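Here's the structure, in structure tokens; my notes come after.
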Amino acid sequence: MKNTAWQRELKHYLIGGLLSLILTVVAFAAVLGVDLSRAATLAIVAVAGVAQLIIQVRYFLHIDLSRQKREDLHLILFSLLLLTLMAGGTIWIMGDLAGRMY
Numbered sequence: 002m003k004n005t006a007w008q009r010e011l012k013h014y015l016i017g018g019l020l021s022l023i024l025t026v027v028a029f030a031a032v033l034g035v036d037l038s039r040a041a042t043l044a045i046v047a048v049a050g051v052a053q054l055i056i057q058v059r060y061f062l063h064i065d066l067s068r069q070k071r072e073d074l075h076l077i078l079f080s081l082l083l084l085t086l087m088a089g090g091t092i093w094i095m096g097d098l099a100g101r102m103y
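The sequence shown runs 2 to 103 under the numbering used here.
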């Protein structure tokens, strides 16, 4: 039996969905179920979040490090840079304005 394109696509989506579900359960368990320190809980949630982001990009957006997909990766990274600058600048300005009010 041949492995057609839609079967490979379905396999990618199922793997990505399963890994995302596992990471979500790990993050919830770290917060609700396990008695860990605050720093350990935050570290587990942060690592699970970064891993979740990588899985979403790889399995659902189909962005990898191949030569063909680098333009898409550059577009995503540039958009992330712009959003970071806008959010960071807004927080900086609002913090400065709050400091001047007192």
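Note that the Cβ used here is the ideal one computed from N, Cα and C, for glycine as well. All figures in this text were calculated on a predicted structure; none of them were measured in a lab.
Give me the Cα-Cα distance between residue i and residue j, rounded to the nearest whole angstrom.
i, j, result
"GLN57", "ASN4", "23 Å"
"ARG9", "ASP36", "40 Å"
"ALA6", "ARG68", "21 Å"
"ILE64", "TYR103", "48 Å"
"TYR60", "ALA99", "42 Å"
"LYS70", "ALA88", "27 Å"
"HIS13", "LEU74", "19 Å"
"LEU11", "LEU62", "13 Å"
"LEU19", "GLY34", "21 Å"
"LEU15", "ILE55", "15 Å"
Report the three-state DSSP secondary structure of residue i (helix, strand or coil).
i, result
"VAL35", "coil"
"HIS75", "helix"
"THR5", "coil"
"MET87", "helix"
"ILE64", "coil"
"MET102", "coil"
Since I believe residue j is in contact with residue i (beta carbons under 8 Å), could you give me their beta-carbon distance rounded to a whole number of angstroms?
i, j, result
"LEU24", "ALA52", "6 Å"
"VAL46", "ALA28", "5 Å"
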